[in-house]
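Each remark here refers to the structure printed beneath this line.
Dropping the structure here:
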């Protein structure tokens, strides 16, 4: 396991919420991270569709891990998300984060959220190095 | 219970995720909704701080209920959030949504997220009336 | 002229671009500023409609002046805008900024852009105190 | 001149504001457009720095031309921008737009704004096909 993967694994190992949701680390390299999750019953609304908040959470976690992969442990300052298509109960969802820009203590990451081969959300967030 | 409150209660009653997280409806009027939640262990990261995704989820739900209070059942198209302060395990968090603008099928809502009297996040989202 | 108005007038007086566009200060109080502008031919596209960039510029200036009104001279770090309706050549446009939140060196301002009594854009920006 | 370039040239030729600002089309292909502009005195504030609104305008125009390059003539519905560094009077600024996602009538474009080899702003906008 290289350094980027080791840093992400360390972050993942101590995170109660991420374990609770069954979020897995699929790929890590410096400046690029992919996470996966299955839509569980407890994540759905009355129509059997995942709450957008869980897609945001997955993407935001990908941002945090992406910053960590660069040894820039960060918290999210601002983020925006566009929801493009729904994901139903049982769907496998992946979030692929890549660095868009580095500027001082700020890291801008873009995260593509996909399910079953289709794009379902686009996320952009600003991480700021934690002091 | 007036019409706005009845519509929100109906939405709340059928929503598995919201019940699972213990999110409560504190106040409803037409165009204004407040929700409350306690930060549970399963929502925290390795430092005992709530994941931003759960604050987003709470705010996004407040947006959805706020649209419903106006009889404009909506899904979120885009949203952004700024995280201003952390909320620790056990903290009570509230999200207060109000309508900023109506434009065609779009409702722009602002949501203030507070904990223990302090502002911890600001959210703005665009709901679009579900067809 | 009170302190808030004096600070905004000082900022306005040295600003080439704002004078060039004929942007006027309509109202100032601490934490609240309104600006006005007429859509000139040089601001329009091929259909006689103002470029969104000029609405952004007007709103962003209102944010800067709003920060100055609080004696927090700031530059914009991030901003977002939603365009809701067009403004034609010759239309009078106003931008009304108010403070949404203060957090450390950051000021979050909301700006409502109106023309002839109708809402045409909603802007939110984060100013950060210039060092 | 291929179809994408012809569509962009047509849009450019009828646009008063873009000609007025001396904005040039540097590169066009289907789904990718680069524009250039020189910071003129009339674009600067009291410190000889370009107003962020002009960087937004340049980026937003790149988005519009990028949509046109795909034969999806669009207006901007929402956009956000992060300002990362200033551009002084006389600086050459370029905006490079590329398509991030297509979803129904919506085109999400990312625009990188650079000056003298440095990244100065990041823009993301949603164009919606004009009816």
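Residue numbers (our numbering), protein chains in the order written: chain X, 3 to 133; chain F, 3 to 133; chain Y, 3 to 133; chain U, 3 to 133. Glycine included, each C-beta is placed from N, C-alpha and C at the ideal position. Note that the structure is predicted; figures quoted are calculated from it, not measured.
Other residues of its chain near residue i: CB distance less than 8 Å, five sequence neighbours each side excluded
i: residue 24 of chain F; result: 39, 40, 42
i: residue 77 of chain U; result: 66, 129, 130, 132
i: residue 85 of chain F; result: 54, 57, 122, 123
i: residue 93 of chain F; result: 40, 41, 52, 117, 118
i: residue 120 of chain F; result: 87
i: residue 3 of chain U; result: 11
i: residue 105 of chain U; result: none
Endpoints, the beta strand (DSSP E) within which residue i is located
i: residue 93 of chain F; result: Careful: residue 93 of chain F lies outside any beta strand (DSSP E) and carries neither H nor E.
i: residue 41 of chain Y; result: Per DSSP, residue 41 of chain Y belongs to no beta strand (DSSP E) and is neither H nor E.
i: residue 20 of chain Y; result: Residue 20 of chain Y -> not in any beta strand (DSSP E); alpha helix (DSSP H) instead, spanning 18–22.
i: residue 75 of chain Y; result: Careful: residue 75 of chain Y lies outside any beta strand (DSSP E) and carries neither H nor E.
i: residue 128 of chain X; result: 120–131
i: residue 86 of chain Y; result: Here residue 86 of chain Y belongs to no beta strand (DSSP E), and DSSP marks it neither H nor E.
Contacts around residue i, its chain only, beta-carbon distance under 6 Å, and the 5 residues preceding and following it disregarded
i: residue 89 of chain Y; result: 41, 52, 95, 117, 122
i: residue 161 of chain U; result: No answer is possible for residue 161 of chain U: it lies beyond the span of chain U, which begins at 3 and ends at 133.
i: residue 26 of chain U; result: 38
i: residue 29 of chain X; result: 36
i: residue 108 of chain Y; result: 128, 130
i: residue 61 of chain F; result: 97, 113, 115, 125
Bounding residues of the alpha helix (DSSP H) (the contiguous stretch that carries residue i)
i: residue 112 of chain F; result: It is not in any alpha helix (DSSP H) - residue 112 of chain F instead sits in the beta strand (DSSP E) that spans 108–117.
i: residue 10 of chain Y; result: 5–15
i: residue 64 of chain U; result: 54–71
CB contact below 8 Å: residue i versus chain F
i: residue 27 of chain X; result: no
i: residue 62 of chain X; result: yes
Residue i at chain U interface by Cβ criterion, 8 Å
i: residue 55 of chain Y; result: yes
i: residue 121 of chain X; result: yes
i: residue 95 of chain Y; result: no
i: residue 75 of chain Y; result: no
i: residue 135 of chain Y; result: Any answer about residue 135 of chain Y is impossible in this case: the structure gives chain Y only from 3 up to 133.
i: residue 59 of chain Y; result: yes
Residue-chain proximity (residue i, chain X), Cβ-Cβ < 8 Å
i: residue 51 of chain U; result: no
i: residue 118 of chain U; result: no
Same chain, Cβ closer than 7 Å to residue i, five either side skipped, listed in chain order
i: residue 1 of chain U; result: Any answer about residue 1 of chain U is impossible in this case: the structure gives chain U only from 3 up to 133.
i: residue 63 of chain U; result: 20, 25, 37
i: residue 45 of chain U; result: 52, 53, 56
Any C-beta of chain X within less than 7 Å: which residues of the segment 78–89 of chain F qualify? Residues 78, 79, 80, 81, 82, 83, 84, 85.
Taking a cut of 7 Å between CB atoms, which residues from the segment 37–48 of chain U lie near chain Y? Across the segment 37–48 of chain U, CB contacts with chain Y closer than 7 Å involve 43, 44, 45, 46, 47, 48, in sequence order along the chain.
Select from the segment 8–33 of chain X all residues with a C-beta closer than 7 Å to any C-beta belonging to chain F, and list them in chain order. From the segment 8–33 of chain X, only 16, 17, 18, 19, 22 have a Cβ closer than 7 Å to chain F.
Residues of the segment 95–110 of chain U in Cβ contact with chain X at a cutoff of 7 Å, in chain order, please. Listed in sequence order: 102, 103, 105, 110.
Touch check for the segment 8–18 of chain Y and the segment 67–76 of chain Y: three-plus C-beta pairs under 8 Å? In the pairwise beta carbon analysis, the segment 8–18 of chain Y is classified as touching the segment 67–76 of chain Y: at least three pairs are separated by under 8 Å.
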